[in-house]
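Residue 128 in UniProt numbering sits at position 128 of the sequence shown, with consecutive numbering throughout. Here a beta-carbon is modelled for each residue, glycine too, at the ideal position from N, C-alpha and C. One structure is given below, encoded as structure tokens.
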Amino acid sequence: MPVYVEKNLQAILMIDLKFGHMENYIKNYNAENLTQYERRKQHNFLTRYITIPYTKNKLSNKVIGLNWSKILSISLSLAFVIELIVHLSILIKKSLLSLIIKDSMTGCYRRNIFDFYYKNKSNKSLILLDIDHFKRINDQYGHDEGDKVIKYLAKNLNQLNSNSTRVFRWGGEEFLIVLPKLSKKALLNKAESIRTNLDYTLQDGSRVTISLGVTEQKREESIFQAIYRADIALYQSKFQGRNKSMYL
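In structure tokens, the structure reads:
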């Protein structure tokens with residue numbers, strides 16, 4: 001709340017609203033006319049050197065004074081508002097970035113941003129997988145059920161996402177997992193863990209299965225060459241009866 005001044009020195013800062021009585025301000029500080037409030041201010045580290053204008057004449061205009069506690073309160077409020085705006089801006093930026101780089105249906109990374117992360121990378125292992133008989137699932141149970149299967153699989157796969165591992169939605173029901181360089185045994189174990197942990201049952205009681213092709217980048221090989229080899233391994237898995245992991 002503002003402090004209304006009617007006589008003597010009663011505020012730290014006085015503002016003549018009409019600027020019509022500036023000549024009445026006493027320039028020389030008169031300690032004998034200080035109020036108790038002003039005496040305390042004089043001994044305060046933050047306010048001891050502040051010159052306080054005042055007038056003994058009663059002005060027709062109301063003069064508003066602001067004390068330092070109110071100024072500090074306003075400053076803190078402004079600082080809070082600014083910090084809130086910055087925080088909201090960061091959240092909005094992150095949300096927009098997520099919409100750009102991640103598939104809205106599955107939450108997996110989009111295929112079209114793969115180059116940004118891995119175009120010139122080396123020493124990576126790959127797992128390429130897709131859902132077995134997915135067309136039959138859509139035809140027999142409807143696309144809504146097919147979407148549920150995709151979302152269920154993606155939810156499981158997204159748990160693998162980390163600083164060193166990313167899951168991409170590579171096609172409709174196809175996913176690519178990029179991992180750090182692993183041995184053949186470790187890579188097959190990872191693929192089999194993904195396959196065996198899938199537990200989705202359709203309306204007729206049959207289980208949804210996936211086929212996987214796994215490989216790792218060879219020395220001086222581009223990651224796209226490795227993806228091509230993983231695709232061949234996936235095809236071999238399908239050809240040999242599905243619901244298995246094949247290494248190439």
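- Task: For Ser73, count neighbouring Cβ atoms within 10 angstroms of its own Cβ and tell me buried if that reaches 16, exposed if not.
- Result: Flag for Ser73 reads exposed.
- Task: In the DSSP assignment, find the beta strand (DSSP E) that holds Glu221 and state where it starts and stops.
- Result: From DSSP, Glu221 is part of no beta strand (DSSP E); its letter is neither H nor E.
- Message: What does the Cβ neighbour count give for Ile137, buried or exposed, with the cut at 16 atoms within 10 Å?
- Response: buried
- Task: Could you check the C-alpha separation between Asn61 and Val86 for me, to the nearest Å?
- Result: Low per-residue confidence applies at Asn61: pLDDT is 47, beneath 50, and the placement is therefore not dependable, though the value from the model is reported in the following sentence. Cα to Cα, the separation comes out at about 41 Å.
- Task: Return helix, strand or coil for Asp130, following the three-state DSSP convention.
- Result: strand
- Item | Beta-carbon proximity of Phe224 to Phe168, cut-off 8 Å | Against a cut-off of 8 Å, the Cβ pair of Phe168 and Phe224 comes out as no contact.
- Does the distance from the CB of Leu129 to the CB of Phe175 come in under 8 Å? yes
- Message: Based on DSSP bridge pairs, tell me the residues matched to Met246.
- Response: Note: Met246 sits in a beta bridge opposite Gly213.
- Strand pairing of Ser125, partner residues [DSSP]: Leu179 and Glu216
- Message: Is the beta carbon of Ile177 closer than 8 Å to that of Leu126?
- Response: Yes; because the gap between Cβ atoms is below 8 Å, this pair is in contact.
- Message: Among Leu187, Tyr109 and Met105, whose alpha-carbon lies nearest the alpha-carbon of Tyr152?
- Response: Closest option to Tyr152, Cα to Cα, is Met105.
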